[in-house]
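Comments concern the structure below.
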Amino acid sequence: MTDQPTAVRPPDTEPDATSKRPRVRGPRTDHSPARDFKPGFIAKLVLMALVNAFGLYGILAAAGVESWGIVAFLVIALIAANYVYFARRAVPMKYLVPGLAFLLVYQIFTMFYTGYIAFTNYGDGHILDKQGAISAIELQTEKRVEGSATYPLTVLSGDDGLAFAIVRDGEALVGDIDTPLEPVDDVTIEGSKVTEVPGYDVLNFGQIAQRQAEVTTMRVAFSEDLGGGSLRTQDASNGYVYAPTLNYDEATDTFTNLETGTVYTPDDRGNFVSADGERLTPGWKVSVGFENFTKMFTDSRISGAFLQIAAWTFAFAFLSVATTFVLGLALALVFNDPRIRGRKVYRALMILPYAFPGFLAALVWKGMLNERFGFINEVIFRGADIGWLNDPWLAKLAVLGVNLWLGFPYMFLICTGALQAIPNDVIESSKLDGAGPFRIVSKIIFPLLLVSVAPLLISSFAFNFNNFTLIYMLTGGGPNFPGSPLIIGSTDLLISMVYSVAFESGVKQYGLAAAVSILIFIFVGFISWLGFRRTRQLEEL
Amino acid sequence: MATAPTQLSRSTGEAVEYRGDAPKGARWWREIGWRHIVGVVTIIYCALPLLYVLSAALNPGGTLTGSNDLFKTISLENFQRLFETDFGYWAVNSLVICTVTAIGTVLMGGAAAYAFSRFRFRGRHASLTTLLLIQMFPQMLAVVAIFLVLLSLKDVFPILGVNSQIGLIMVYLGGALGVNTFLMYGFFNTVPREIDEAAKIDGASHAQIFWTIILRLVAPILAVVGLLSFVGTYGEFIIAKTVLQSTEKLTLAVGLYQWASDERNAPWGQFAAGAVLSAIPVILLFLFLQKYIVSGLTAGSVKG
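Those protein sequence lines, which keep their order, are chains A and B. Residue 10 is where the first sequence starts when you use my numbering, and the numbers rise one by one after that. Residue 133 is where the second sequence starts when you use my numbering, and the numbers rise one by one after that.
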């Protein structure tokens with residue numbers, strides 16, 4: 010670094026495209042790090058080597074499982090990373106790339122993916138693609154072929170787990186779950202049975218009894234072709250031929266039942282359906298347009314519950330902010346008098362609920378509000394049985410009450426800060442003009458306070474709008490709506506409804522859950538837009 | 133000139149605790165005394181659940197009913213029993229996951245804030261605006277998609293897939309840039325550019341300026357962002373519950389939830405002891421963070 014010895018020229022803070030200076034430097038002053046090894050450069054080399062190794066491994070592995078999307082992403086990401094870190098231009102990108110990579114995958118991509126899922130019927134029964142669904146149907150409908158041959162069977166144990174050996178036409182065949190039956194040499198056959206196979210141990214009765222479930226559910230294919238049927242056993246000594254009862258015909262894209270002759274054709278819902286409406290499961294994932302969205306408003310079993318939950322979500326977020334703000338502001342006003350002794354002690358203790366982790370608070374309150382054994386009913390209400398968490402309205406009250414406990418110290422803190430920022434002379438002069446305490450608070454303090462606190466109130470609203478932890482831990486969304494096909498209840502917020510629909514309502518409906526998420530995105534976006542308009546944060550960039 | 137009197141009045145109010153003309157008797161009650169009553173009532177309201185959980189943790193009986201007589205019996209039996217459970221795993225998991233996430237968040241957020249604050253490049257304004265937009269949407273809204281992405285990642289990188297703590301950390305790091313870059317960007321802008329320009333004249337590279345000069349000058353904001361990230365991750369529940377599955381891999385939030393929601397066995401005393409232990413680090417961090425919260429430095433970051 011000797012080319013700027015006394016540096017009279019201004020440092021190059023804005024590397025714009027017109028300035029060619031860095032690139033016309035002579036070879037003597039070219040400080041390419043590759044010619045000048047420093048610890049920093051070596052660290053970069055090692056890190057990039059690790060990143061490349063990881064990426065290349067990923068490309069191979071993803072190609073192995075045919076996840077072409079992941080392959081494409083990794084190739085592009087690797088090229089970009091190597092360009093950014095080894096080219097000498099793109100300096101800002103060197104600092105942005107790590108964060109951007111994570112942001113792209115785990116936030117931006119997942120957002121768009123949510124949007125995609127919302128328009129599909131992704132969920133239990135529609136997880137696979139069509140090819141996967143066809144194989145699954147063929148596997149599931151295998152039945153023993155009537156009148157087919159019975160093969161004397163031996164159960165073997167090899168390096169890859171259990172295997173079956175049979176004798177067919179005097180020839181020994183061995184196969185396991187992954188490899189179809191194949192002829193094997195050097196096999197000892199006694200009577201009609203295989204008794205020894207190189208590389209395998211023959212299981213005796215005791216060993217078979219121990220692994221009975223494994224043996225009786227095992228399926229060894231006769232050939233690579235899925236439709237070729239399989240060998241199974243019930244008693245571990247006789248093997249039977251199983252073949253699919255449904256035959257898939259690629260030319261017509263239909264399944265035909267070999268016994269009854271019924272033809273199943275694919276419908277636009279991702280299922281094979283017969284003429285009289287019988288459905289084959291599993292189905293596959295298809296696009297269903299806006300159905301997930303319209304379902305929330307028109308499906309009579311869901312719409313009532315959904316609208317109630319949406320209304321409660323807004324009510325909860327608004328009331329949470331309102332109650333915590335009112336209590337926090339009131340306390341801040343009460344304690345904003347320097348003549349009170351021990352103000353600091355009061356403040357420190359009042360912050361405790363805020364400092365206590367929110368999830369623990371919700372769980373502790375859940376115990377205290379227990380109908381039969383809880384502290385509130387037993388000690389404060391002298392043994393009354395009040396169903397705080399079991400009555401729809403009391404549960405709502407309890408949720409708000411607990412959130413008040415959790416949230417008012419935050420409001421107290423920010424209101425105290427804002428109060429102290431209000432100039433004293435404004436209040437003094439209004440006192441001189443004859444304003445009473447109530448007028449001072451409502452006409453002077455409150456408007457001034459709101460200016461600085463309003464953005465925080467909006468972000469608090471947005472936070473409570475998605476306060477999953479509190480609801481899930483305190484009430485689990487309950488008490489549940491009776492008769493709803495989803496496990497949702499009267500204290501559920503939209504976000505906890507998403508979770509329940511996706512993971513806890515018996516049949517997983519990722520599509521519907523993603524559609525509810527999209528609605529939350531829209532609501533939250535609108536709320537934040539209101540916030541931005543107030544703070545004009547965008548203009549300060 | 134609005135700020136000068138503000139600071140003046142604040143400093144006199146805080147430091148001197150001026151109460152020279154404190155009234156006496158009935159007037160004292162009317163003007164000051166009732167405030168103490170409000171204060172005591174509020175503190176009882178604040179402290180009762182905390183005392184309750186502390187008492188339940190010290191009560192060897194360990195049932196909900198038995199916990200209602202506060203501090204009737206005191207023993208450390210529940211705490212001793214914690215060591216026979218998975219609590220130790222959960223605590224270590226939480227500490228490791230939160231620490232790694234906090235460090236990663238600070239480094240990536242700091243690097244991004246450095247780029248935005250010190251370089252002028254094409255797309256800078258657009259990227260900042262995009263980040264601001266993304267920041268509005270909490271990551272958990274995409275929880276279903278995150279789960280499905282990790283499910284398919286499991287086939288490629290088992291270590292990043294479902295039921296992996298590293299996978300969970302990666303998800304958390306995905307939210308790092310969106311949440312904290314602005315907080316840091318504002319602070320980075322307050323460090324005078326003349327400092328890095330002087331270093332540049334002396335021959336420092338952009339990397340040297342970043343690692344040895346800027347990062348040191350912005351250390352306070354790094355500490356705040358790191359602590360906020362730690363506390364936020366510590367209490368994060370929905371994504372952790374979706375991603376982690378085996379008992380010994382859970383975080384404290386998910387593990388303790390399982391204990392408290394176990395209606396049949398209800399290891400209440402055990403839960404209470406675990407709750408007391410897991411609350412301590414966060415309470416300490418918060419007491420430390422308090423002054424930043426009041427000063428509005430963390431404006432916009434809300435904790436439940």
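Even for Gly, the Cβ is constructed at its ideal location relative to N, Cα and C.
At what residues does the alpha helix (DSSP H) containing residue i begin and finish?
i         : result
Pro275(A) : That residue, Pro275(A), is in no alpha helix (DSSP H); its beta strand (DSSP E) goes Val272 to Pro275.
Phe327(A) : Ser309 to Val343
Taking the alpha carbon of residue i as the point to measure from, which residue in the options has its own alpha carbon closest?
i         : options                                       : result
Ser378(B) : Ala247(B), Asn312(B) and Ser296(B)            : Ser296(B)
Asp195(A) : Gly208(A), Leu83(A) and Ile88(A)              : Gly208(A)
Ile497(A) : Ala319(A), Pro48(A), Trp293(A) and Ala252(A)  : Ala319(A)
Thr365(B) : Pro366(A), Gly124(A) and Gln243(A)            : Pro366(A)
Ser218(B) : Ile235(B), Gly406(B), Val414(B) and Phe420(B) : One point to set straight first is that residue 218(B) is Asp, not Ser, in the sequence displayed. Nearest of Ile235(B), Gly406(B), Val414(B) and Phe420(B) to Asp218(B), Cα basis: Gly406(B).
Leu190(B) : Leu196(B), Leu182(B) and Phe203(B)            : Phe203(B)
Lys304(A) : Thr129(A), Ile453(A) and Ala427(A)            : Thr129(A)
Asn345(A) : Leu422(A), Ser309(A), Arg278(A) and Val297(A) : Leu422(A)
Arg153(A) : Thr254(A), Phe447(A) and Phe325(A)            : Thr254(A)
Leu196(B) : Ser469(A), Phe384(A) and Thr484(A)            : Phe384(A)
Gln116(A) : Ala330(B), Gln267(B) and Thr261(B)            : Gln267(B)
Leu502(A) : Thr188(A), Pro491(A) and Ala522(A)            : Ala522(A)
Leu315(B) : Ala355(B), Glu326(B) and Leu282(B)            : Ala355(B)
The beta strand (DSSP E) that contains residue i, what's its start and end?
i         : result
Lys202(A) : Lys202 to Glu205
Tyr257(A) : Leu255 to Asp258
Thr265(A) : Thr263 to Asn266
Tyr115(A) : Careful: Tyr115(A) lies outside any beta strand (DSSP E) and carries neither H nor E.
Lys152(A) : Glu151 to Arg153
Leu199(A) : One point to set straight first is that residue 199(A) is Glu, not Leu, in the sequence displayed. Counting along the chain, the beta strand (DSSP E) containing Glu199(A) begins and ends at Thr197 to Glu199.
Give the straight-line distance between the Cα atoms of residue i and residue j, rounded to the nearest whole angstrom.
i         : j         : result
Gly487(A) : Pro401(A) : 8 Å
Tyr221(B) : Ser249(B) : 41 Å
Ala357(A) : Trp77(A)  : 56 Å
Val288(B) : Val74(A)  : 7 Å
Ile349(A) : Arg162(B) : 12 Å
Ser239(A) : Gly248(A) : 10 Å
Val206(A) : Gly184(A) : 12 Å
Pro352(B) : Pro399(B) : 41 Å
Val375(B) : Leu328(A) : 32 Å
Phe382(A) : Ile79(A)  : 53 Å
Ile531(A) : Arg542(A) : 17 Å
Ile235(B) : Gly358(B) : 7 Å
Val295(A) : Met359(A) : 54 Å
Leu378(A) : Asn200(B) : 12 Å
Tyr251(A) : Leu148(A) : 10 Å
Gly279(A) : Val185(B) : 52 Å
Tyr389(B) : Ala142(A) : 37 Å
Ala86(A)  : Leu112(A) : 13 Å
Gln216(A) : Leu162(A) : 15 Å
Arg476(A) : Ala245(B) : Here the sequence assigns Asn to residue 476(A), which means Arg is not the residue at that position. Approximately 29 Å between the Cα atoms of the pair.
Gly416(A) : Phe418(B) : 14 Å
Which partner residues does residue i have in the DSSP bridge list?
i         : result
Asp133(A) : DSSP, once it has assigned bridges, lists no residue as partnering Asp133(A).
Val176(A) : Ala181(A)
Leu240(A) : Val229(A) and Val250(A)
Thr159(A) : Tyr249(A)
Lys281(A) : According to the sequence shown, residue 281(A) is Phe rather than Lys. Bridge partners of Phe281(A): Pro275(A) and Leu289(A).
Asn489(A) : Gly498(A)
Ser166(A) : Leu171(A) and Asp210(A)
Ser296(A) : Thr129(A)
For residue i, go through chain C and note every residue whose CB falls closer than 7 Å to its CB, in chain order.
i        : result
Ile79(A) : Note that chain C does not occur in the displayed structure, where the protein chains are A and B.
### Query
Which residues, in chain order, does the segment 243–256 of chain A contribute to contact with chain B at a C-beta distance below 7 Å?
Residues of the segment 243–256 of chain A whose Cβ lies closer than 7 Å to any Cβ of chain B: none.
### Message
Using a Cβ-Cβ cutoff of 7 Å, what residues of the segment 379–407 of chain A are near chain B? List them in chain order.
### Response
Taking a C-beta cut-off of 7 Å against chain B, the contacting residues of the segment 379–407 of chain A are Asn379, Phe382, Gly383, Phe384, Glu387 and Val388, listed in chain order.
#### Entry: Residues in the segment 437–456 of chain A having any Cβ partner in chain B nearer than 8 Å
Identification of residues in the segment 437–456 of chain A having a C-beta nearer than 8 Å to some C-beta of chain B yields an empty set.
### Message
Beta carbons nearer than 8 Å to chain A: which residues of the segment 163–183 of chain B have them?
### Response
Across the segment 163–183 of chain B, CB contacts with chain A closer than 8 Å involve Glu163, Ile164, Arg167, His168, Val170, Gly171, Thr174, Ile175, Tyr177, Cys178, Ala179, Pro181 and Leu182, in sequence order along the chain.
### Task
Could you name the residues of the segment 89–102 of chain A whose beta carbon sits closer than 7 Å to any beta carbon of chain B, in the order they occur along the chain?
Taking 7 Å as the Cβ-Cβ cut-off, the segment 89–102 of chain A approaches chain B at Val100 and Pro101, given in chain order.
### Task
Compile a chain-ordered list of the residues in the segment 278–302 of chain B whose CB is closer than 8 Å to at least one CB of chain A.
Under the 8 Å Cβ criterion, the segment 278–302 of chain B contributes Ile278, Phe279, Leu280, Val281, Ser284, Leu285, Asp287, Val288, Phe289 and Met302.
### Task
For the segment 521–537 of chain A, enumerate the residues whose C-beta is nearer than 7 Å to any C-beta of chain B, in chain order.
Ala522, Ala523, Ser526, Ile529, Phe530, Val533, Gly534 and Ser537: these are the residues of the segment 521–537 of chain A whose beta carbon lies less than 7 Å from some beta carbon of chain B, given in chain order.
### Message
Tell me which residues of the segment 117–144 of chain A have at least one Cβ-Cβ distance to chain B shorter than 8 Å, keeping chain order.
### Response
Listed by position, the residues of the segment 117–144 of chain A near chain B (Cβ gap below 8 Å) are Ile117, Phe118, Thr119, Met120, Tyr122, Thr123, Ile126 and Tyr131.
### Message
Under 9 Å, CB to CB, which of the residues in the segment 468–500 of chain A have a partner in chain B?
### Response
Answer set for the segment 468–500 of chain A: Ser468, Ser469, Ala471, Phe472, Asn473, Asn475, Asn476, Phe477, Thr478, Leu479, Tyr481, Met482 and Gly485.
### Query
Looking at chain A, which residues of the segment 334–363 of chain B have a Cβ within less than 9 Å of any of its Cβ atoms?
Per Cβ criterion, the list reads Asp334, Gly335, Ala336, Ser337, His338, Ala339, Gln340, Phe342, Trp343 and Val363.
### Near-chain A residues of the segment 380–393 of chain B - C-beta to any C-beta below 7 Å
Taking 7 Å as the Cβ-Cβ cut-off against chain A, the residues of the segment 380–393 of chain B that qualify are Ala385, Leu388, Tyr389 and Ala392.
### Query
Going along the chain, which residues of the segment 188–204 of chain B sit with their C-beta nearer than 8 Å to a C-beta in chain A?
Of all residues in the segment 188–204 of chain B, only Ala188, Thr195, Leu196, Thr197, Ser199 and Asn200 place a beta-carbon less than 8 Å from a beta-carbon of chain A.
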